[in-house]
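Below is one structure, written out as structure tokens, with a few remarks after it.
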Amino acid sequence: YIVGTCPVCAHEGAYGDQCEKCGSSLNPTDLKNPKSTLSGKTPVLKETKHWYLPLDKYQPWLEKWLLEGKKGQWKPNVYGQCSSWLHEGLQPRAMTRDLDWGVDVPLPDAEGKKLYVWLDAPIGYISSTRQWAKENNRDWELYWKKQPNEEDNARLIHFIGKDNIVFHCIIFPTILNAYGDYILPENVPANEFLNLEGDKLSTSRNRAVWLHEYLDDFPGKEDVLRYVLCANMPETKDNDFTWKDFQNRNNNELVAILGNFVNRTLVLTHKYFKNVVPEYTNPQAIDEETLDQVKILREAVQTNLDAFRFREALKEMMNLARLGNKYLADMEPWKVIKSDEERVKAILYVALQITGNLALLMKPFLPHKSAQLQEFINLKVSDWDLIGKKDILPSGHTLGKSGLLFDKIEDAPIEAQVEKLKAASKAAATKQEPQVAPAGEEITFEDFTKMDIRTATILEAEKVPKTDKLLKLKVDTGLDQRTVVSGIAEYYKPEDIIGQQVCILVNLAPRKLRGILSQGMILMASEPDGRLTFVSPKQAVINGAEVR
RNA sequence: GGCGAGGUAGCUCAGCUGGUUAGAGCGCGUGAUUCAUAAUCACGAGGUCGCGUGUUCAAGUCACGCUCUCGCUACCA
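Here the first sequence is numbered in our numbering, starting from 1036 and rising by one per residue.
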């Protein structure tokens, strides 16, 4: 909105950001004789004060702490994104805003200033800890402050998505470090994005699975969702949540492998030994070897959890149920019972130990079902360290009342969810009233008539090289044929718009974009999400017709 | 356009510092089995490791070029 004389080449029509004559990029304050393009008056420089985080000053520290210190430790996607930012060079970042809503800047000379959300939000992690500590009679500083002995420090780990990497890896650590005695994030195992039925999640488009609705639709299945989300976690690249996959994983994995193993063990114990854990006499090598596997699987789960490989950890947990199924299939207690009840006692003893250990091993992933299984088998203790014990359910122990841990999900509710999703996003798309831009300032009729808008036809269109959004158009305005550069390439392909009739502002001052002189501006309807659509006469009219 | 991450069986992924016939789970096929929610167990069929060139005795694994997906960034009169 500002023109003036270029300080480099003395061209008089230079813009506030760039001089087209010499191509220099400028700041508005660099211009000599600046004038407003709206009113023609000389702009007044108004100061607005903002507080900055001088990230540039901490660049050397970040390079050492992050680039050197976290190399090979942080996930490639996280480390790569951070090093990309650091290589571009950090700039001071404004931490205050001129807004009429938000958290006030708590400084005497900061009237009307609000804190930038990403200064504020991570500090909320600390204040919420303080609040929690207060309510629970704990010392919050143990969780955030550096302790006299480094090994006593709390470990700070941020579980986030990739869109939050910069705030948790660069900005927040810089603040913590600058402040002084706070611990720093040990790791930030950010995930990629999870899509929903092949498209991005979007709460504004109501393209989401709302948790309260899920719990209504699938009561008691909170752990099923946990399981599917964990098994499908976008740890290395974007992934897709589909209801079909949800159903398959429930039916083929939770029901068929885990639930089924538990069920058959408990049913057999009930049938043969009246729900009491039998004696473990004359164990065979296979029995001991099978029980030895439990500890190995626990180690595998643990190692993977420590390394934030949750999908793999989950798979190892399921392997314990697989081990149990295989053991039962190999031992065939339902056959042996006909000839050797003593042997069946040992077999079911082993199967029950696997079940007991499984109840504990699944706890990090399926907390509700873990508790439920503990009730089934009347297991009161739940320490992780117990996993591997070969007598977690000792002989003579009476089991509880059992049922089914998981049940099958039929096609109908799954299809209903898919339909619901479609209907919801369709409804959201048609509604769409909110967040249209408010009406602009009142202008006079003369102001309006200054704009000469005409109908025109696009004759040629090509993408401007090295840009994503720009198309170079040749249009027939009725008056002439001229070149217009337009930022519509995301929504229109060049070959699709040739012959398209549009409206064009013909008396707009020409402007060079990417080295191409753009003479005029194509009128577009711009929706809140940024989508653009041509504003065109409904019926074909001559080129050059005045639009009023 | 620049930068980052990813592209390995139908699907989701593993393959560390290059080394014999590329692995797992689910799905699929065949067989076994019946204690179990037609669940389970065994066996099997599926892969030009995105494309190309190069380095090497040897490349999914290294180098260069290209291509596709996601993200950050620039351009959007």
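Positions of the beta carbon are idealized from the N, C-alpha and C atoms, including for glycine. Computed from a predicted structure; not experimentally measured.
Alpha carbon to alpha carbon, how far is M1397 from L1567? Spanning the two alpha carbons is a distance of roughly 50 Å.
Can you tell me whether D1322 is buried or exposed? The criterion is at least 16 other CB atoms within 10 Å of its CB, across all chains shown. Taking all protein chains in view, the Cβ of D1322 is crowded by 16 or more other Cβ atoms within 10 Å, so the residue is classified as buried.
What does the alpha-carbon distance come out to for the pair W1100 and Q1094? Roughly 10 Å separates the two Cα atoms.
How many Å lie between N1172 and N1188 at the Cα? A direct Cα-to-Cα measurement between N1172 and N1188 gives close to 19 Å.
For E1497 and K1507, I'd like the C-alpha separation in whole angstroms. About 5 Å.
Residues in its own chain within less than 7 Å of W1153 by CB, not counting five upstream and five downstream? Closer than 7 Å at the Cβ level, and outside the excluded window around W1153, lie F1202 and I1206.
Rounded straight-line distance, which links the Cα of E1248 to that of Q985: In this structure the chain extends from 1036 to 1583, so residue 985 is not present and cannot be described.
I'd like to check one pair, L1434 with I1412: are the Cβ atoms closer than 7 Å? The answer is yes: Cβ separation under 7 Å.
Pairwise C-alpha distance: D1442 and G1294: Straight through space, the alpha carbons of D1442 and G1294 are spaced by roughly 8 Å.
What residue from G1147, K1181, L1383 and F1253 has the CA that sits closest to K1306's CA? Relative to the Cα of K1306, the nearest Cα in the group G1147, K1181, L1383 and F1253 belongs to L1383.
May I ask you to report which of helix, strand or coil DSSP gives R1546? Correct three-state label for R1546: strand.
In this structure, what does DSSP give as the bridge partners for R1242? DSSP, once it has assigned bridges, lists S1237 as partnering R1242.
From T1300 to Y1362, what does the alpha carbon distance come to, in whole angstroms? If you draw a straight line from the Cα of T1300 to the Cα of Y1362, it is about 11 Å long.
With 16 as the cutoff for other CB atoms within 10 Å, does G1147 come out buried or exposed? Residue burial is scored here from C-beta neighbours: G1147 has fewer than 16 other C-beta atoms within 10 angstroms and is therefore classed as exposed.
Span separating the alpha-carbon of N1226 from that of A1342: Cα-Cα distance, rounded: 13 Å.
Could you tell me the distance, in whole angstroms, from the CA atom of L1102 to the CA atom of I1427? About 46 Å.
Could you tell me whether the segment 1481-1490 touches the segment 1524-1543, using the rule of 3 or more Cβ pairs below 8 Å? Touching, per the Cβ criterion.
Kindly indicate the opening and closing residues of the alpha helix (DSSP H) around T1164. Unbroken alpha helix (DSSP H) run through T1164: V1152 to E1170.
Considering only the beta carbon of each residue, do Q1536 and S1571 sit closer than 7 Å? Between Q1536 and S1571, the CB-CB gap stays under 7 Å.
Using DSSP with H/G/I as helix, E/B as strand and the rest coil, what is E1248? It is helical.
Shortest alpha-carbon distance to K1084 belongs to which of S1119, D1144 and M1366? Between K1084 and the set S1119, D1144 and M1366, the nearest pair of CA atoms involves D1144.
Does the separation of the CB atoms of L1125 and L1090 fall below 7 Å? A contact, by the Cβ cut-off of 7 Å.
Going by DSSP, which residues form a beta bridge with R981? Because residue 981 is not part of the residues shown, which for the chain are 1036 to 1583, the question remains open.
What residues in its chain sit with their C-beta under 6 Å from that of L1340, if we drop five residues either side in the sequence? Hits under 6 Å: A1348.
With distance defined between alpha-carbon atoms, name the residue in T1238, K1436 and V1519 nearest to A1462. Of the candidates T1238, K1436 and V1519, the one whose C-alpha sits nearest the C-alpha of A1462 is T1238.
With a threshold of 7 Å on Cβ separation, who are the neighbours of L1401 within its own chain once the five nearest residues in sequence on each side are excluded? The residues are D1258, R1261 and Y1262.
Could you tell me how far apart the beta carbons of G1196 and F1228 are, in whole angstroms, since I believe they sit closer than 8 Å? In this structure, G1196 and F1228 form a Cβ contact; the two beta carbons are roughly 6 Å apart against a cut-off of 8 Å.
Is it right to say W1245 is buried, meaning 16 or more other beta carbons lie within 10 angstroms of its own, or is it exposed? A residue is called buried once 16 or more other Cβ atoms fall within 10 Å of its Cβ, and W1245, having fewer, is exposed.
Can you name the start and end residues of the alpha helix (DSSP H) that F1343 belongs to? Where F1343 is concerned, there is no enclosing alpha helix (DSSP H), given that its DSSP letter is neither H nor E.
Can you give me the Cβ contacts of P1208 inside the same chain, cut-off strictly under 8 Å, excluding the 5 residues immediately before and after it? Excluding positions up to five away in sequence, the list reads L1097, W1100, L1101, L1219 and P1220.
Near N1286, what residues of its chain come up, given a Cβ to Cβ distance below 7 Å and the 5 sequence neighbours on each side ignored? Excluding sequence neighbours, N1286 sits near K1443 and I1444.
Coil, strand or helix - T1271 by DSSP: In this structure, T1271 counts as coil in the three-state DSSP scheme.
Between which two residues does the beta strand (DSSP E) holding V1138 run? Careful: V1138 lies outside any beta strand (DSSP E) and carries neither H nor E.
Integer Cβ distance of T1271 from E1232, believed to fall under 8 Å: Cβ-Cβ separation between T1271 and E1232: approximately 21 Å, too far for a contact (criterion under 8 Å).
Once the 5 residues before and after D1139 are set aside, which same chain residues still bring their CB inside 8 Å of it? Cβ within range, chain order: A1145, K1148, K1149 and L1150.
By Cβ distance below 6 Å, which residues in the same chain neighbour V1582 in space, the five residues on each side in sequence not counted? Only I1488 and C1538 meet the Cβ criterion.
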